[in-house]
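Residue numbers (the numbering used here): 446 to 602. Cβ atoms here follow ideal geometry from the backbone N, Cα and C, with glycine treated the same way. For reference, the structure discussed in these notes is given below.
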């Protein structure tokens, strides 16, 4: 199986929308008190805008020519802060590998590609958010060197 990773283009929008639905399904199952059933994170038009934004790179993985995963990134730069050191971070906003393609090394290839791309583009830090209920994702990120920075807690009142 040949894996190719590249920047997303408008022609990828329909498959990316399908993958986003898989992610939203996991979130809805894990936190039905927060996530609507069949919720939609982005419209196709929003994806077109994101795909064109250099500060929000989206990468897709293809296996044998078919899109089977993605990473949404957001570039943030901190300079001259009185509290924080200067840093350029790529925040991994959303990561998905098609359920039918998991366990084939595609997620690892995507993480390695995005890490190399971030370094080449001046980033010296990566971060992401992962839901506490998503144990598989947490284990995956830990395998690629991510550690818990802080915990965000909530309650209904």
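Under the DSSP assignment, residue 516 falls in the beta strand (DSSP E) whose first and last residues are 511–523.
The beta carbon of residue 567 is closer than 7 Å to those of 533 in its chain, skipping five residues each way along the sequence.
Boundaries of the beta strand (DSSP E) around residue 507: 503–508.
For residue 453, the closest of 512, 466 and 471 by C-alpha to C-alpha distance is 512.
Here the segment 544–556 makes contact with the segment 502–520; the two share three or more CB pairs at distances below 8 Å. By the Cβ neighbour-count rule, residue 530 is exposed, with fewer than 16 other Cβ atoms within 10 Å of its own.
The residues 480 and 482, in chain order, have a CB closer than 6 Å to that of residue 473 in the same chain once the five nearest residues on each side in sequence are set aside. Inclusion of residue 504 and residue 468 in the CB contact set at 7 Å is not warranted, their separation being larger than that value. Within the DSSP bridge table, the entry for residue 449 names 507 as partners.
The continuous beta strand (DSSP E) containing residue 537 extends over residues 532–542. The alpha-carbon separation between residue 600 and residue 477 amounts to approximately 14 Å. Taking C-alpha positions only, residue 489 is separated from residue 498 by approximately 15 Å.
Counting C-beta atoms within 10 angstroms of its own C-beta, residue 502 has 16 or more neighbours from the protein chains shown and is therefore classed as buried. The C-beta of residue 602 has fewer than 16 other C-beta atoms within 10 Å across all chains shown, which makes the residue exposed.
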